[in-house]
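Worksheet: the structure to be examined is printed underneath.
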Amino acid sequence: MITIIGSGKVGGAAALFTALRKVTDEILLLDVVQGLPQGEAMDINHMLAEKGIDVNVRGSNDYSEMKGSDIVVVVAGSGRKPGMTRMDLLKINASIVKGVVENIQKYAKDAMIIPVTNPLDPMAYLTYKVSGFQKNRVFGMGGMLDLSRFTQFIHESTGYSRNSIRGLVMGEHGENMLPLPRFSTVSGIPLPSILPKEKIEEIVQGTRQVAAKVIELKGATVHAPGNAISVIVEAVLNDTKQVIPVATYLDGEYGYSDVSIGVPAVIGKNGVEKIIELDLDSNEKEWFKKGVESVKNAISNLEY
Numbered sequence: 469m470i471t472i473i474g475s476g477k478v479g480g481a482a483a484l485f486t487a488l489r490k491v492t493d494e495i496l497l498l499d500v501v502q503g504l505p506q507g508e509a510m511d512i513n514h515m516l517a518e519k520g521i522d523v524n525v526r527g528s529n530d531y532s533e534m535k536g537s538d539i540v541v542v543v544a545g546s547g548r549k550p551g552m553t554r555m556d557l558l559k560i561n562a563s564i565v566k567g568v569v570e571n572i573q574k575y576a577k578d579a580m581i582i583p584v585t586n587p588l589d590p591m592a593y594l595t596y597k598v599s600g601f602q603k604n605r606v607f608g609m610g611g612m613l614d615l616s617r618f619t620q621f622i623h624e625s626t627g628y629s630r631n632s633i634r635g636l637v638m639g640e641h642g643e644n645m646l647p648l649p650r651f652s653t654v655s656g657i658p659l660p661s662i663l664p665k666e667k668i669e670e671i672v673q674g675t676r677q678v679a680a681k682v683i684e685l686k687g688a689t690v691h692a693p694g695n696a697i698s699v700i701v702e703a704v705l706n707d708t709k710q711v712i713p714v715a716t717y718l719d720g721e722y723g724y725s726d727v728s729i730g731v732p733a734v735i736g737k738n739g740v741e742k743i744i745e746l747d748l749d750s751n752e753k754e755w756f757k758k759g760v761e762s763v764k765n766a767i768s769n770l771e772y
């Protein structure tokens with residue numbers, strides 16, 4: 469069973485995309501708002517019925533119903549409003565996430581946790597510390613979402629099939645994120661061999677800023693984060709060993725400790741099965757350092 473805590477737009481999208489992947493028999497939507505998760509579950513089930521997909525989605529306001537969950541996705545909290553950065557949400561969402569994680573600890577102590585609430589990296593750190601779970605069982609969604617945006621920009625700039633693009637993004641899920649053109653390819657051809665340096669820099673900057681643009685235009689990001697969650701869930705439940713950038717706790721990797729931040733990792737039935745350490749150049753190291761410092765500054769303000 470998969471439990472998704474938070475039944476707003478992203479939580480609903482995560483449930484929908486996960487159901488469409490047919491990787492579990494049951495998805496539980498949990499929310500403190502009476503009626504919201506139940507109504508969302510009904511709506512999704514009606515669509516799944518037409519598709520002939522036998523995944524049961526149900527809604528509840530009772531945390532105890534997540535007993536037996538294999539994965540708990542934490543989407544609960546306030547979303548970004550136009551003009552806000554992810555870090556603006558730090559104190560608003562920290563107390564919400566702390567309470568949610570304490571309930572996971574109480575009712576689903578054997579589950580893996582996928583934090584999604586912004587600011588993502590500090591919330592992944594908070595989740596790890598409050599839960600007391602092994603570090604491989606707590607990994608945040610942000611990098612997978614950034615990667616989908618980076619891939620779209622590469623597609624737009626080259627005109628080549630999205631299916632042939634393999635990109636990579638790491639670092640903070642925020643303004644200091646690190647898209648990696650050197651480690652990105654189109655059918656095995658390195659991106660720097662296809663696009664000029666100026667265009668690549670434009671893509672990198674666009675990837676860092678595009679979420680704010682979507683929020684400005686439609687009020688929230690929904691489909692891409694919902695799908696990104698389902699990709700990670702599928703990697704765990706199907707034990708695919710897929711390399712996915714996730715926000716996980718570092719203990720010496722890349723030269724940093726006591727921080728959760730996006731790094732490429734092998735994701736399988738045991739969660740984060742291996743962190744892949746890339747040989748970053750000086751510019752990439754500098755951007756990664758900026759992200760680490762930003763996240764460390766944020767977590768220094770957390771109370772848990």
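The opening position of the sequence shown corresponds to residue 469 in our numbering, with each subsequent residue numbered one higher. Every residue gets a Cβ at the ideal spot worked out from N, C-alpha and C, and that includes glycine.
Three-state secondary structure (DSSP) of residue i
i              : result
glutamate 640  : coil
asparagine 524 : strand
isoleucine 697 : helix
glycine 635    : coil
aspartate 511  : helix
aspartate 556  : helix
tyrosine 772   : coil
proline 505    : helix
valine 690     : coil
isoleucine 712 : strand
leucine 648    : coil
proline 658    : strand
leucine 497    : strand
threonine 675  : helix
valine 442     : Any answer about residue 442 is impossible in this case: the structure gives the chain only from 469 up to 772.
leucine 718    : strand
Among the options, nearest to residue i - alpha-carbon criterion
i              : options                           : result
valine 525     : Val501, Pro550, Val491 and Pro732 : Val491
glutamate 458  : Lys757, Ala481, His691 and Glu702 : Because residue 458 is not part of the residues shown, which for the chain are 469 to 772, the question remains open.
alanine 481    : Val763, Val699 and Pro693         : Pro693
histidine 641  : Lys477, Ser728, Lys549 and Asp499 : Ser728
arginine 676   : Phe601, Val541 and Phe618         : Phe618
leucine 484    : Ile735, Thr716, Val701 and Val734 : Val701
methionine 534 : Ala517, His514, Leu488 and Ile581 : Ile581
Supposed close pair residue i, residue j - CB separation, criterion 8 Å
i            : j          : result
tyrosine 596 : valine 606 : 4 Å
4 or more residues per run - each alpha helix (DSSP H) lying fully within the region 577–631
As summarised for the region 577–631, the continuous alpha helix (DSSP H) elements at least 4 residues long and confined to that stretch are 588–599 and 610–626, given in chain order.
Please give the ranges of any beta strand (DSSP E) in the region 721–770, keeping only runs that are unbroken, at least 3 residues long and fully inside the region.
If only uninterrupted beta strand (DSSP E) runs of at least 3 residues are considered, those enclosed by the region 721–770 are 725–736 and 739–743.
Counting Cβ pairs, one atom from each stretch, are 3 or more of them under 8 Å apart for the region 645–656 and the region 544–562?
They do not touch, by the three-pair rule.
Examine the Cβ distances between the region 731–749 and the region 706–719 and report whether three or more of them are shorter than 8 Å.
Enough Cβ pairs lie closer than 8 Å, so yes.
Could you say if the region 546–553 and the region 574–583 meet the contact criterion of at least three C-beta pairs nearer than 8 Å?
These segments do not touch.
Could you say if the region 493–507 and the region 528–544 meet the contact criterion of at least three C-beta pairs nearer than 8 Å?
Output reads yes: the region 528–544 touches the region 493–507.
Across the region 616–636 and the region 652–664, are there enough close Cβ pairs to call them in contact, namely three or more that are closer than 8 Å?
Below 8 Å, enough C-beta pairs join the region 616–636 and the region 652–664 to call them touching: three or more.
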